[in-house]
Amino acid sequence: MKLSPLLLAAAAALTVQSCKMKSTESAVGGDAAARTYVAPGKYDELYNFVSGGFSGQVAVYGLPSGRLLKVLPVFSVNPENGYGYSEETKPMLNTSHGFVPWDDQHHLALSQTNGEHDGRWLFANANNSPRVARIDLKAFKTMEIIELPNSGGNHSSPFLTENTEYVIAGTRFSVPVGNAESPLDNASYKKNFKSTASFIGIDKNSGHMNVAFQIILPGMDLDLSRAGKGPSHGWFFFSTYNTEQASTLLEVNASQKDKDFIVAVNWKKAEEYVKAGKAKKMATEYYHNTFNEENHTATSEIIKEVLTLDPEELKDLVYLIPCPKSPHGCDVDPSGEYIVGSGKLAALIPVFAFQKFVKAIEDKAFEGEYNGIPVIKYEAALHGEVQKPGLGPLHTEFDGKGNAYTSFFVSSEIVKWSIKDLKVLDRVPTYYSIGHLMVPGGDTRKPYGKYVVAYNKITKDRYLPTGPELAQSAQLYSIEGDKMQLLLDFPTIGEPHYAQAIPAEKLKDQSVKFFDIAKNKHPYVAAGEKATKVERKGNQVHVYMTAIRSHLTPDNIEGVQVGDEVYFHITNLEQDWDIPHGFAIKHAATAELLVMPGETSTLKFVPTQPGVYPFYCTDFCSALHQEMQGYMRVSPKGSNVPLKWHTGGTDSTAAVAAK
Ligand code: RUQ
Ligand code: CUA
């Protein structure tokens with residue numbers, strides 16, 4: 015039998031495919047299933063908070079199972095529960111440029127006390143319209159979003175100091191400060207464009223954020239950052255690229271120089287300068303949105319001023335450490351002594367020693383200045399280099415046992431190396447093209463260790479094909495032994511970037527189960543069915559409605575007219591865990607509400623045609639959930655149908671008379 019060339023090619027392809035699959039599968043440890051299996055009804059060991067990338071949200075997974083537990087809406091509207099659609103949550107997404115329904119969410123930071131995760135809050139960045147959010151880890155809810163002035167692409171954010179004194183946010187794009195206009199060419203870039211490092215102060219008790227001050231740096235791209243800890247407490251380190259200061263074709267122009275910088279900022283000094291009145295007030299405008307737990311409502315505040323510090327004037331505020339080559343990750347080890355700079359285009363990983371850095375400043379071991387900021391000699395701050403680690407190093411995390419784990423995008427692997435002697439100890443492939451990696455607590459003084467998770471950029475053949483867009487992927491490895499061991503793949507939402515993980519023990523018992531209805535201070539609350547009513551104020555109709563298994567009160571409403579603004583204020587009267595009620599009305603141009611027990615939420619509906627509009631509970635809440643429904647009659651504009659409402663056959667007029 016003669017084989018056609020086409021068949022031969024197909025056979026060859028099959029062989030390649032099966033070889034690949036074999037090697038992929040054999041990379042999994044034999045007992046992997048047992049080590050990631052969480053039996054039905056059992057809890058996971060860790061919460062894993064994973065950035066949602068271009069979904070704008072944060073996803074919560076259990077580890078080691080990889081099970082998706084929740085999608086937390088943060089920077090994007092979320093029709094599933096009405097976030098960004100309800101009247102109460104719309105203000106959360108207000109910015110100086112209006113209501114913005116989406117963002118790109120990259121990095122997460124769990125709040126810390128003494129350099130350890132304390133389980134209070136989770137901070138998240140918005141990359142595109144520069145903002146930082148604070149999520150409360152009792153209710154798993156976005157409580158606060160603050161906009162950043164003078165920023166253009168909030169990538170280097172949010173990163174925390176050891177006691178959550180500050181959330182740090184560096185801008186990726188340099189921009190003319192004060193949102194000024196500028197011609198776009200390299201000369202104008204050098205002259206007008208600045209990068210800023212924002213220090214967001216965090217209130218110790220409430221977690222409330224305020225932009226304490228901004229350091230205005232020369233034009234370049236800040237990429238990632240880490241706070242010092244222990245001996246380096248009081249310092250902050252940013253990686254930068256495009257120190258060439260190009261405004262166009264960065265792919266080529268920002269890769270010219272052998273070395274860019276790690277920007278070291280002395281934030282304790284910055285505090286002193288602010289206290290001494292050395293900061294300049296700059297007029298600006300940015301939004302600060304807070305969700306109030308008492309009335310379940312968000313409000314926006316507009317702030318018109320920011321304090322700025324100029325490192326060209328304040329000479330001991332900022333120092334630059336040369337770092338090869340377009341560094342991405344900039345990571346500080348648990349001891350606070352070593353700073354790892356991962357140059358995307360570098361063939362080695364430089365590790366800097368904090369003590370040497372301090373000594374270099376004392377000795378004035380400078381090689382010159384960059385835009386008026388002293389540049390330390392590379393060798394003077396260098397602890398050593400990891401030689402031939404892999405291709406395209408991006409990020410490094412630590413296990414607290416003296417080992418570092420670096421992700422390599424180009425060579426698609428995780429490499430384990432020793433901080434002390436900079437020797438490569440182990441390497442494992444990732445499937446495929448890893449971006450960030452995360453060791454639980456790997457950015458703190460006391461890593462939990464045990465696992466490293468790879469968050470991959472490309473998924474290809476790992477899951478069943480789902481058209482051109484495939485699930486994004488995370489992979490869980492054991493780091494308990496000398497050799498890393500692949501245990502599990504699990505798909506993620508959006509594109510995963512950075513993540514955090516915390517032992518379940520630290521969070522699970524503080525979880526809010528419902529809101530106390532007696533403490534509900536919403537202006538339109540109906541704290542019981544007796545308090546339900548419908549009120550007209552001009553063309554606004556306010557429906558004070560309650561939901562309880564298994565009816566809505568009132569469930570018949572008449573006297574609404576075309577063009578009225580109807581506000582359904584739904585109070586969920588339940589005082590029990592896991593009993594939300596939903597609310598939707600036919601033809602409303604908005605998402606449903608999902609109202610938590612004890613909470614009040616508002617859906618706005620402007621009917622455009624007369625008719626009868628059914629409404630119902632969307633969440634299957636009891637055996638009679640399907641009975642949880644009602645009608646609103648809408649009459650033509652100017653109609654003389656009186657406003658009335660019925661519940662269980664009782665006419666509102668009678669109910670009102672009886673009161
Ligand atoms: S980044 S893949 Cu947006 Cu954190 Cu490194
Ligand atoms: Cu309430 Cu279904």
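Numbering-wise (the numbering used here), the sequence shown opens with residue 15 and increments by one.
Don't be surprised by glycine CBs; every beta carbon is placed ideally from N, CA and C.
What you are looking at is a predicted structure, and each value in this text was computed from that prediction instead of being measured.
Sheet register partners of residue i (DSSP bridge)
i	result
Met296	Val320
Phe597	Leu607
Thr506	Gln486
Val346	Ile353
Ser171	Its beta-bridge partners do not exist; DSSP assigns none.
Pro232	Lys208
Met452	Val467
Gln575	Ser649
Val557	Val548 and Phe582
Ala312	Phe305
Lys533	Bridge partners of Lys533: none, in fact.
Distance cut-off 7 Å: residue i Cβ against heavy atoms of the ligand CUA
i	result
His595	yes
Phe634	yes
Cys631	yes
His342	no
Met642	yes
Residue i, enclosing beta strand (DSSP E) - first and last residue
i	result
Tyr61	Leu60 to Ser65
Lys430	Glu427 to Ser432
Leu331	Taken as a continuous stretch (DSSP letters only), Leu331 belongs to no beta strand (DSSP E), as it is neither H nor E.
Ala379	First-last for Ala379: undefined, no H or E at that position.
Glu161	Lys155 to Glu161
Ser253	Trp249 to Tyr255
Asp150	Arg145 to Asp150
Limits of the alpha helix (DSSP H) - the one that residue i falls within
i	result
Gln369	Phe368 to Glu376
Leu638	Run containing Leu638: none; DSSP gives neither H nor E here.
Lys282	Trp281 to Lys289
Asn200	Asn200 to Asn206
Ala140	First-last for Ala140: Glu130 to Ala140, but that is the beta strand (DSSP E), not the alpha helix (DSSP H).
Val266	Leu264 to Asn267
Per-residue DSSP class, three states only, for residue i
i	result
Arg49	helix
Pro407	strand
His222	coil
Asn306	strand
Lys437	coil
Ile493	coil
Glu543	helix
Met106	helix
Met35	Legend: pLDDT at Met35 = 41, less than 50; position of this residue unreliable, value from coordinates given subsequently. Helix at Met35.
Gln514	strand
Gln524	helix
Ile472	coil
Lys658	strand
Gly625	strand
Ser653	coil
Glu94	coil
Asn570	strand
Glu399	strand
Gly244	helix
Asn177	coil
Tyr57	coil
Ala360	coil
Cβ-heavy atom distance, residue i to the ligand RUQ, below 7 Å
i	result
Leu408	yes
Leu238	yes
Gly449	yes
Tyr255	no
Tyr512	yes
His565	no
His120	yes
His674	Within the shown structure, residues of the chain are numbered from 15 to 673, placing residue 674 beyond reach of any answer.
Reference residue i; option with closest CA among the options
i	options	result
Glu285	Val85, Thr185, Thr632 and Leu328	Leu328
Asp633	Val74, Val42, Ser79 and Gly96	Gly96
Phe582	Ser170, His111, Pro621 and Leu408	Pro621
Pro336	Lys289, Ala278 and Thr311	Ala278
Gln119	Ser636, Gly66 and Glu315	Gly66
His121	Lys651, Phe68 and Asn92	Phe68
Leu82	Pro656, Phe504, Asp523 and Glu543	Phe504
Asp272	Tyr99, Asp590, His660 and Gly357	Gly357
C-beta neighbour in chain D for residue i, strict 8 Å
i	result
Tyr419	In the displayed structure, chain D is absent; only one protein chain is listed.
Heavy atom of the ligand GTP within 7 Å of residue i beta-carbon
i	result
Ala561	Inclusion of the ligand GTP in the displayed structure is not the case, the ligand content consisting of the ligand RUQ and the ligand CUA alone.
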